[in-house]
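Trainee:
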Amino acid sequence: MKKTNMAGQTAEYDYEAGSYDESRFGNKIGRHLDYMHRKIVQDLNISGKLILDAGTGTGRFAIWLAKKGFEVIGVDLSPKMLKVAKKKMKALNVNASLILADLRFLPFKPGVFNGCVCINVIDHLSDISKFLKDVNRVLKSDGCFIFNFSNILSPYLSIALIVNFREKALFKGGIRSKWFTFKKIRILLREAGFELRGIRGCMIASPLPLGDRFIKIVQPINLLAESSRLKFFSSSIFIKARPVLTMH
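Just so we're aligned, residue 3 is where the sequence shown starts under this note's numbering, counting upward by one.
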């Protein structure tokens, strides 16, 4: 990515930092989405001592994981997002390290992390292949990688096609975004030296301007989509992967 593009992407996230949590997780649907994300990551069994939260943003997952007893290092490209995360951690008396860095060039030695989580991030990266290979590099050989991506083959197909054409999200400032097929993600994982170890689905796309009544419809569908074949048609697919070829 060119430096000018990187600077633009940083500015987009800096602009959203102050309103990010409220705009995405402040209403009933957002809170349910947050719950589902945490439930799925827990079900996929993130484990080990040291966890990397790649694209930590305002620290949503770094804080949750730290509260569960993990040692967490959160990395993000946006200084203002990290400032919000630091403020939240101080208010909640939670300890986690925060580092400003480009996810394509993780500033860590090989094989140091037991696990990596990367939630609501993959869609916004310009070089996913480079990122996946670098995650492999910093994971231990028995480490696990849990992430999600927006699925083209979902009820939001029309939105996905527009987003991919524009290469920008439809809402909340138009941050760079792209949706994927499960097949494409599986190929990228294999090329980066990972094997699949678990798959879950979540039917709510984030963020979408839907009314709170929508939650009554989506809750039972979400439960069904988590582990049934419906997961392949969920708006968001969660993956657990492990390194099989090391990039150390």
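Even glycine gets a Cβ: it sits at the ideal position worked out from N, Cα and C.
What you are looking at is a predicted structure, and each value in this text was computed from that prediction instead of being measured.
How long is the line joining the alpha carbons of residue 186 and residue 242, rounded to whole angstroms?
Mentor: 15 Å
Trainee: Going straight from the alpha carbon of residue 100 to that of residue 108, what length do you get?
Mentor: 13 Å
Trainee: Measure from the alpha carbon of residue 198 to the alpha carbon of each residue in 205, 247, 180, then state which is nearest.
Mentor: 247
Trainee: Between residue 184 and the rest of its own chain, which residues show a CB-CB distance below 7 Å, the 5 nearest in sequence each way excluded?
Mentor: Beyond the five residues adjoining it in sequence on each side, residue 184 comes within less than 7 Å, by CB distance, of 153, 234, 239 in the same chain, given in chain order.
Trainee: Taking the alpha-carbon positions, what's the residue 130 to residue 120 distance?
Mentor: 12 Å
Trainee: Can you tell me whether residue 84 is helix, strand or coil according to DSSP?
Mentor: Here residue 84 sits in helix by DSSP.
Trainee: Just to confirm, are residue 263 and residue 65 a CB contact at a threshold of 8 Å?
Mentor: Beyond the ends of the chain as shown, which are 3 and 250, falls residue 263; an answer cannot be given.
Trainee: Output the distance between the C-alpha atoms of residue 6 and residue 147, rounded to the nearest integer angstrom.
Mentor: With a pLDDT of 37 at residue 6, under the threshold of 50, the modelled position of that residue is not reliable, and no figure is offered here.
Trainee: Go through its chain and collect everything with a Cβ distance to residue 4's Cβ below 8 Å, but skip five positions before and after it.
Mentor: Residue placement at residue 4 cannot be trusted, given a pLDDT of 37 that sits under 50; the coordinates are not used to answer.
Trainee: In this structure, does DSSP put residue 121 in helix, strand or coil?
Mentor: coil
Trainee: Specify the secondary structure class of residue 233 as computed by DSSP and reduced to three states.
Mentor: helix
Trainee: Compute the Euclidean distance between the alpha carbons of residue 83 and residue 59, then round it to the nearest angstrom.
Mentor: Pairing residue 83 with residue 59, the inter-Cα distance amounts to about 5 Å.
Trainee: Which word fits residue 56, buried or exposed, when buried means at least 16 other C-beta atoms lie within 10 angstroms of its C-beta?
Mentor: Answer is buried; the Cβ neighbour count reaches 16.
Trainee: Give the DSSP bridge partners of residue 150, in chain order.
Mentor: 240
Trainee: Can you give the beta carbon distance from residue 133 to residue 53, rounded, assuming they're within the 8 Å contact cut?
Mentor: Not a contact, Cβ separation roughly 17 Å.
Trainee: Would you tell me roughly how many angstroms separate the C-alpha atoms of residue 67 and residue 155, rounded to the nearest one?
Mentor: 31 Å
Trainee: Note down the Cα distance separating residue 87 from residue 123, rounded to an integer number of angstroms.
Mentor: 16 Å
Trainee: What is the rounded straight-line gap between the Cα of residue 144 and the Cα of residue 236?
Mentor: 28 Å
Trainee: In this structure, what does DSSP give as the bridge partners for residue 141?
Mentor: 115
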